[in-house]
Ligand SMILES: [Zn+2]
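Structure follows, in structure tokens:
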């Protein structure tokens, strides 16, 4: 268990989480550096509260090069009216704000990957201090947590909303109920490569309803993927009863990641040629991608094979691949 005598977070909020109305402000994190001796990192935050009700905590930019979340959440923060809310909505469009400002997955300050930094440290790096603030201040306020992700610059995904298989089946059922309400074209029972240090795990261990997304990738957003994110955020607020109105229900294909065989990693580097596109089916042993050696002509490509039958739900995005890169992810229709 964590020590209970941790020092207070160095982060101070310029908003009052208990006040009714719409407040746009910052999480201010002191960060003394060469170009700003007593300077701070200013993480934008919006709180919309009206009376008594559940609290939704919405985050984007956990990874700085994933854009559907920030697009949907800067938009929601600008538009949400306190009069239409019953309860509270806390919006942080760019959680790892230094990474978001640099358009990088991890922080340019300390190379911190926000989603491997939980529970964080109040006396740690900038990224660890932000994680600690979410761990000890924001997550305890929340009933439902929605954390937007996409593939970033190096992956591309079929658009899905997801939750995890949990020991607490009641908590798990609630999460999948919110995944359904989100209404992405695909809904995923998600398996993590390594769940240690994730925001997801921190929220789930606190008993919160936690859902996440992967809505595209390549380091940008499309009109379609941004629209999915915006609609999903509103649907989650409706499902939570925080805003009134019927859920904008959408057809969804449920998917499952049954085992580690879902993942195919590159064992060689080179020029990657996919033989299958996102959403297409593969059979066990079939070739998903071919990695062409680039140092000489006349050399045979290395094939990346499917270890199971399924659908291609994610792929390496750039045209060149390195040994160890995640090349492809498969899932099966439920
Ligand atoms: Zn991400």
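Numbering (my numbering), first residue to last: 284 to 617.
The beta carbon of each residue, even a glycine, is placed where N, CA and C say it ideally should be.
Expected contact under 8 Å - CB spacing of residue i and residue j to nearest Å
i           : j           : result
residue 471 : residue 614 : 7 Å
residue 535 : residue 430 : About 19 Å separates the two Cβ atoms, so there is no contact after all.
residue 600 : residue 499 : Their Cβ separation, rounded to whole angstroms, is 10 Å, which puts residue 600 and residue 499 out of contact at 8 Å.
residue 373 : residue 424 : 7 Å
residue 308 : residue 328 : 6 Å
residue 573 : residue 560 : About 14 Å; that fails the 8 Å criterion.
residue 480 : residue 401 : 5 Å
residue 398 : residue 465 : Between residue 465 and residue 398 the Cβ distance is about 19 Å, and since that is not below 8 Å, they are no contact.
residue 366 : residue 333 : 7 Å
residue 483 : residue 493 : 6 Å
residue 640 : residue 324 : Residue 640 lies beyond the range of the chain shown here (284 to 617); nothing can be said about it.
residue 598 : residue 557 : 6 Å
Beta carbon of residue i nearer than 8 Å to that of residue j
i           : j           : result
residue 343 : residue 387 : no
residue 428 : residue 340 : yes
residue 475 : residue 434 : no
residue 326 : residue 368 : no
residue 487 : residue 520 : no
residue 595 : residue 611 : yes
residue 415 : residue 403 : yes
residue 605 : residue 552 : yes
residue 426 : residue 337 : yes
residue 330 : residue 371 : yes
residue 602 : residue 555 : yes
residue 509 : residue 302 : no
residue 432 : residue 473 : no
residue 443 : residue 467 : yes
residue 507 : residue 422 : no
residue 485 : residue 418 : yes
residue 394 : residue 312 : no
residue 420 : residue 292 : yes
Any non-hydrogen atom of ligand 2 closer than 7 Å to residue i Cβ
i           : result
residue 447 : This structure does not include ligand 2; its bound ligands are ligand 1.
When the Cβ atoms of the stretch 513-533 are set against those of the stretch 350-357, are three or more pairs found closer than 8 Å?
The answer is yes - the stretch 350-357 touches the stretch 513-533, with three or more Cβ pairs under 8 Å.
Across the stretch 315-325 and the stretch 354-372, are there enough close Cβ pairs to call them in contact, namely three or more that are closer than 8 Å?
Segment contact: the stretch 315-325 against the stretch 354-372, fewer than three CB-CB distances shorter than 8 Å; contact not assigned.
For ligand 1, list every residue whose C-beta falls under 7 Å from any of its heavy atoms, going in chain order.
With the criterion CB distance below 7 Å from any heavy atom of ligand 1, the matching residues run 345, 346, 349, 398, 432, 433 and 435 along the chain.
Any chance the stretch 583-595 sits against the stretch 541-559, with 3 or more Cβ pairs inside 8 Å?
Counting Cβ pairs under 8 Å, three or more are found: they touch.
Suppose only complete runs of 3+ residues qualify. What are the beta strand (DSSP E) ranges in the stretch 511-549, listed by chain order?
If we require 3 residues or more, the beta strand (DSSP E) runs fully inside the stretch 511-549 come out as 536-539 and 546-548.
Please confirm if the stretch 556-564 is in contact with the stretch 403-422, defined as three or more CB-CB distances below 8 Å between the two stretches.
By the Cβ rule, the stretch 556-564 does not count as touching the stretch 403-422, because fewer than three pairs are nearer than 8 Å.
Residue ranges of each beta strand (DSSP E) run of no fewer than 3 residues wholly in the stretch 452-515, ordered along the chain?
Counting whole runs of 3 or more residues, the stretch 452-515 contains the beta strand (DSSP E) stretches 469-473 and 492-497.
What are the start and end residues of each continuous beta strand (DSSP E) run of 3 or more residues lying completely inside the stretch 337-414, in chain order?
Within the stretch 337-414, the runs of beta strand (DSSP E) that reach at least 3 residues and sit entirely inside it are, in chain order, 338-342 and 370-375.
Ordered list of alpha helix (DSSP H) runs contained in the stretch 288-339, each at least 4 residues
Contiguous alpha helix (DSSP H) elements confined to the stretch 288-339 do not occur, taking only those with 4 or more residues.
Which whole runs of the beta strand (DSSP E) in the stretch 559-613 are 3 residues long or more, in chain order?
Qualifying beta strand (DSSP E) stretches, in chain order: 570-575, 585-588 and 593-599.
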